[in-house]
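Note sheet for the following structure.
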């Protein structure tokens, strides 16, 4: 495990509790589409959850032994992630894309959300979006209310290339 190493190409952020075949397949397909290796990212802090304890971080990291690289950050927002990894393509699911353009994650201010998107775009970052099943329906990038002028920031993974109706939450039995 590298303590410090450059990350370029693509990054798939997540909680990975647990890391599962859907994550592996998404990374593989994204890598094929982008022509690059996809690294995984775990943030020890999250806007919607309490910080991870050291033991929990270690438990999650062990899952990646023998897999693609994983980076550990304290970047709880994509704005911060974009600052750490300029030029990176973030591989995200539909649900994350919805949160990315939701003003409530920017103090309830649409203008703050637009500023953050512009800043991420200025770093050269992009978002590759996979569809996700939610309550019996399958949602894609077309179902995300991307603000006018920001559609070039997003690219869709077609359902025909990737669809895995599996979630870490369901695997933990929290549904």
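Numbering (our numbering), first residue to last: 1083 to 1257. We put the CB at the ideal spot given by N, CA and C, even for glycine. As the structure is a prediction and not an experimental result, all values here were calculated from the model.
Bridge-paired residues (DSSP) for residue i
i	result
residue 1111	Residue 1111 pairs with nothing; no bridge assigned.
residue 1149	Per DSSP, none; premise fails for residue 1149.
residue 1237	1210
residue 1093	1121, 1172
residue 1103	Bridge partners of residue 1103: none, in fact.
residue 1215	1220
residue 1131	1128
Residue i classed as buried or exposed, judged by whether at least 16 other C-beta atoms fall within 10 angstroms
i	result
residue 1140	exposed
residue 1220	exposed
residue 1238	buried
residue 1171	buried
residue 1120	buried
residue 1095	buried
residue 1125	buried
residue 1100	exposed
residue 1183	buried
residue 1129	exposed
residue 1257	Here the model assigns residue 1257 a pLDDT of 42, short of 50, so the residue's position is not dependable, and the following value carries that caveat. When all chains shown are included, residue 1257 counts as exposed.
residue 1179	buried
residue 1212	buried
residue 1135	exposed
residue 1241	exposed
Host alpha helix (DSSP H) of residue i (start-end)
i	result
residue 1177	1176–1182
residue 1200	1192–1204
residue 1157	Per DSSP, residue 1157 belongs to no alpha helix (DSSP H) and is neither H nor E.
residue 1138	1136–1144
C-beta contact flag for residue i and residue j at 8 Å
i	j	result
residue 1160	residue 1122	no
residue 1173	residue 1109	yes
residue 1157	residue 1207	no
residue 1199	residue 1235	yes
residue 1214	residue 1177	yes
residue 1244	residue 1111	yes
residue 1205	residue 1168	yes
Continuous beta strand (DSSP E) stretch holding residue i: start and end
i	result
residue 1211	1208–1212
residue 1221	1219–1221
message = Can you confirm whether the segment 1136–1156 touches the segment 1182–1198 when touching is taken to mean that 3 or more C-beta pairs between the two stretches lie within less than 8 Å?
response = With a cut-off of 8 Å on Cβ pairs, the segment 1182–1198 is not in contact with the segment 1136–1156, counting fewer than three such pairs.
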